[in-house]
Amino acid sequence: MAFRTFSGRFLAGLALTGFMLAAAGCQSGDNGILNLGIGKKEDPTAPPPPQDPKILASQLQAYCPRVTVRDGTAFFNTYSKEAQKPKPRIKKTGDAAQDAAAQAEADAAAATPPDESANIIYQASVSDVTRDCSRANGQLTMKIAVAGKIVPGPKFSPGTITMPIRTAVMHGTEVLYSQIHQYQVQVTDPSVATQFVFTDSNIVVPEPTAQDYQAFAGYDETAHQATADKPKKKQRKRAAATN
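According to the working numbering, the sequence shown is numbered sequentially starting from -5.
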């Protein structure tokens, strides 16, 4: 009986080992979820299989570059112009070190930006952007829409507000389209926010050959500042013609 028991266990062990080897052989060529890594190992030095970089024509036809609002371009605040405070003068004591320290402290206090919240005319913000595309004659025509709101500030008075909104399309570092729009909105009620929707329908760029265009929309405060600082041309009076 002891011999039969040992023989039976030995045969059962051989059968189990044979089953595991057969299963490993079946899995060596299978990349499915049951692959336990027992079979053929991949050569780590072998190059990866080539991938087809081609994009289907139908994918390109459906491609419309996504519009992004860059950091720092979603908000635009306008402040009233207040008279600048003159640079403080320090009465000299005759001690050079003491006078220099007092002057440095006064300059630092003057350089500290004041709280401008009480001088805000209005606060404008972008809440959403969208786009639409069409193709013709090797050109891509885009329509970019910008939705936002205008919140009146303490210095606000009813009237027309001008906001500098820039739209742009880029291919890598190449600028395909860039335009600044001085968009005007009529605001009459200073107690509530005014909604607006701006649309640029004049964007025409070369039709892309890959899905690698970038579109941007947002406020451009540098353009607004340049317009505000631009000196006005003085009109010269014409001398009266003499006969």
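Note that beta-carbon positions come from the ideal geometry of N, C-alpha and C, so glycine has one too.
Predicted model, so just to flag it, every value in this text is computed and none were measured.
Selected residue, minimal CA-CA separation from residue i, among the options
i, options, result
"Leu54", "Thr216, Pro146, Gln173 and Gly132", "Gly132"
"Val120", "Glu215, Ala211 and Thr216", "Ala211"
"Arg60", "Ala162, Val191, Asp214 and Thr203", "Ala162"
"Lys137", "Thr87, Pro148, Thr203 and Asn196", "Asn196"
"Asn71", "Ala95, Pro148 and Asp101", "Pro148"
"Val186", "Ala51, Pro152 and Thr203", "Pro152"
Coil, strand or helix - residue i by DSSP
i, result
"Asn113", "helix"
"Glu99", "helix"
"Gln92", "helix"
"Gln208", "strand"
"Thr62", "strand"
"Ala68", "coil"
"Thr216", "helix"
"Ser74", "coil"
Per-residue burial, residue i [other beta carbons within 10 Å of its own, 16 or more giving buried]
i, result
"Leu170", "buried"
"Phe69", "exposed"
"Arg64", "exposed"
"Asp223", "With a pLDDT of 48 at Asp223, under the threshold of 50, the modelled position of this residue cannot be trusted, and the question is left open."
"Ala118", "buried"
"Asp194", "buried"
"Val191", "exposed"
"Val123", "buried"
"Val140", "buried"
Close beta carbons around residue i, own chain, < 7 Å, minus the five adjacent residues each side
i, result
"Gln189", "Lys143"
"Ile174", "Pro158, Arg160, Asp214 and Ala217"
"Gln180", "Thr154"
"Phe150", "Ile115, Tyr116 and Pro184"
"Tyr73", "Glu110, Asn113, Ile114 and Ile115"
"Glu201", "Arg129, Gly132, Gln133 and Leu134"
"Ala98", "none"
Residues near residue i in its chain [Cβ-Cβ closer than 6 Å; skip 5 each side]
i, result
"Pro146", "Tyr116 and Pro184"
"Gln277", "Lying before the first or after the last residue shown, residue 277 is absent from the chain, which here runs from -5 to 237."
"Val198", "Gln133 and Thr135"
"Ala209", "Pro59, Val61 and Val163"
"Ser172", "Ala162"
"Thr156", "Gln176 and Gln178"
Chain-order list of residues whose beta-carbon lies under 8 Å from that of residue i (same chain, five-residue window excluded)
i, result
"Gly166", "Asp206"
"Ala90", "none"
"Arg125", "Cys58, Pro59, Arg60, Val61, Met136, Lys137, Ile138, Ala139 and Ala209"
May I have a chain-ordered list of the beta strand (DSSP E) segments no shorter than 3 residues that lie completely inside the region 126 to 202? Taken in chain order, the unbroken stretches of beta strand (DSSP E) that lie wholly in the region 126 to 202 and span 3 residues or more are 133 to 146, 153 to 165, 168 to 181 and 188 to 200.
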